[in-house]
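So the structure is just underneath, and the comments pick up after that.
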């Protein structure tokens, strides 16, 4: 098994990426190896610094780098020698099984679809971040922003793809699928979700009904399917609210001597809270529905987060998720 | 000025509602009076208990009550003698200027549209909760769930309605309008938001561009307009995330003796945090775009929250918001 690494992508690249590779290498199975794509000098000096000389590590020089603000389609078309495009090409050619990148999300999604290509029958690949739940588990949200204006069948496929991921990569048996909706009752929804509901009822997944946005992190669902616009609103408002609350809490705790002392004593609790909200342990977000493995690590990934994204890539490949998605999509009845 | 009160609606009705009326009466202007609609015995005993005998309080017996789980359309059609329908009728007849209800949201929205009716030219009335921001201010979110599958022009009107409310009721000069979107850049969006963006550019409001979900509470926007499905996802995920974080924090603080002591000392900070997140001070959510005032108080409103919803109704009427909306909508160019 070979995992292609985009060394130049992400806020902390290339240093944290290469160090993350070094951390992952000791945890990966012995049959797993890494191919690092990046600027030659950076590769040389960083692999030396982090002791990454191994017969399980291959270095490939790439002369270009795609920035996080570049237009995705243009960047993919024009920067053929970028670390991202080279890494995508290696997956497309079957030389690597999965790519891990913390870089430009749009470029990774566009590039994956253009270069690695969709699985036969898959209408739209979906980006699927893994979120921590209140009960200590995880919930997969897809699509979180790769596709707007989805058709009902796309969400039906998202359900199959999400179920495959949670079952094979996270180890959840018979994952409960929720449909993001504006009410819990079956008849609620907009045109899209009203059409998706009966479709999911007749899909071979464990459909657990509508999921209101406030129930996303409840632990009642293992997968939540949504149009990418709505999934994006959901994901970003969870992130935004958590960040606002942390900042308000900090301000309040620093407002008096008494509360400062209290805060110092309660510090382990705040650390525990941060840990329960920390998604770096869960790795990045897989792009499901393409022919090879694609893991989008968070842009701000530190060493540990990037390491976890690599370990997630290993589980994605060992779980044979792309093949399971291909089979389950092929088994769906023909579209009307 | 007369405010119609649905005494029987809400989790804490009728007691908290009547007590809220008593609290509000001393704060309202002398020209403001209340008409309470509810079951006769409850009205008699509660107004006596809370000392609500005044020439500014009128009691109207209503023989029926609409429960929070009843089908809105059916309830409005069949329960003509319910406190809600009677109160709506009094606004429609011009006997009262505004209704305040903490009851069945769907029934209030349906009833307001069917009985009070839309302002001429308004395509869809919008439910507009007021949320606290990180910077201590407020942001109005509309629509938060009254309308799914919105057309671009609906959101254009939401912008005008939201601007009128924030200016006249909250006192924000030249309110900054944000468009809920999946990216900050002008070209981002789904079919709907891509069509709304240029429309808002050409609407006489202070359009501040796209608002990503994570920026909703940032304080950078005074009004956020959205399709009701997306607004509902946004609102409920903010509520859900805040509640999950509070519960995780509580669990963490109770996990050891040390953190318990810390928590006791830091208690004023947690109270301050709760206060900054508390939306009861801001009152309820106005339904904007109908001919009279409609305030939806939170279903779980306590005495103080209901009191604030009544004071909000007073500001809504004094601000002449419905008339301003009527004028600004009439001034829009004809639809193509």
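Protein chains in written order, with the numbering used here: chain A, 132 to 467; chain B, 132 to 467. Glycine is no exception: its CB is placed at the ideal position from the N, C-alpha and C atoms.
| Check | Outcome |
| --- | --- |
| Proximity winner among B/424, B/289, B/169, B/191, relative to residue 440 of chain B (alpha-carbon distances) | B/424 |
| Residue-chain proximity (residue 390 of chain B, chain A), Cβ-Cβ < 8 Å | yes |
| Cβ-based burial, residue 345 of chain B [other Cβ within 10 Å; buried from 16] | buried |
| Chain B contact for residue 412 of chain A (CB, 8 Å cutoff) | no |
| Contact belief for residue 190 of chain B with residue 215 of chain B at Cβ below 8 Å, rounded distance in angstroms | With a Cβ gap of about 16 Å, residue 190 of chain B and residue 215 of chain B do not count as contacting. |
| Stretch-stretch touch, CB-based, cutoff 8 Å, three pairs: the stretch 203 to 215 of chain B with the stretch 256 to 266 of chain B | no |
| Segment limits, beta strand (DSSP E) that includes residue 417 of chain B | 416 to 419 |
| Residue span of the alpha helix (DSSP H) that contains residue 148 of chain B, given as start and end | 146 to 156 |
| Residue 461 of chain A burial status per 10 Å Cβ neighbour count (16 or more: buried) | exposed |
| Where residue 207 of chain B falls: helix, strand or coil (DSSP) | helix |
| One or two residues paired with residue 249 of chain A in a DSSP bridge | A/421 |
| Reduced DSSP secondary structure (H/G/I, E/B, other) of residue 367 of chain B | helix |
| 8 Å Cβ cutoff met for residue 266 of chain B and residue 350 of chain B | yes |
| Minimum Cβ-Cβ distance from residue 280 of chain B to chain A less than 8 Å | yes |
| Any C-beta of chain A under 8 Å from that of residue 403 of chain B | yes |
| Status (buried if at least 16 other CB within 10 Å, exposed otherwise) for residue 427 of chain A | buried |
| Contacts of residue 347 of chain A in chain B (Cβ-Cβ under 8 Å) | 368, 371 |
| Cβ shell of residue 326 of chain B (< 7 Å), same chain only, five flanking positions each side left out | 283 |
| Where residue 343 of chain A meets chain B, residues with beta-carbon distance less than 7 Å | 367 |
| Any 3 or more C-beta pairs closer than 8 Å across the stretch 316 to 332 of chain A and the stretch 317 to 325 of chain B | no |
| Nearest-angstrom Cβ-Cβ length linking residue 445 of chain B and residue 160 of chain B, presumed shorter than 8 Å | 7 Å |
| Listed by chain order, chain B residues near residue 378 of chain A by CB distance under 8 Å | 265 |
| Partners in chain A for residue 331 of chain B, counting only beta-carbon separations shorter than 8 Å | Simply none; closest approach about 17 Å. |
| Exposed unless 16 or more other CB atoms sit within 10 angstroms - verdict on residue 335 of chain B | exposed |
| Residue from A/175, A/176, A/234, A/228 whose Cα sits closest to the Cα of residue 143 of chain A | A/234 |
| Of the residues A/175, A/204, A/224, the one placed nearest residue 135 of chain A, counting alpha carbons only | A/224 |
| Chain B within 8 Å of residue 387 of chain A, Cβ atoms only | yes |
| Under 8 Å between C-beta atoms of residue 167 of chain B and residue 156 of chain B | no |
| Touching by the beta-carbon criterion (3+ pairs, under 8 Å), the stretch 285 to 304 of chain B and the stretch 314 to 321 of chain B | no |
| Whole-number beta carbon distance between residue 420 of chain B and residue 256 of chain B, since they are thought to touch under 8 Å | 3 Å |
| Range covered by the beta strand (DSSP E) that runs through residue 438 of chain A | From DSSP, residue 438 of chain A is part of no beta strand (DSSP E) but of the alpha helix (DSSP H) over 434 to 449. |
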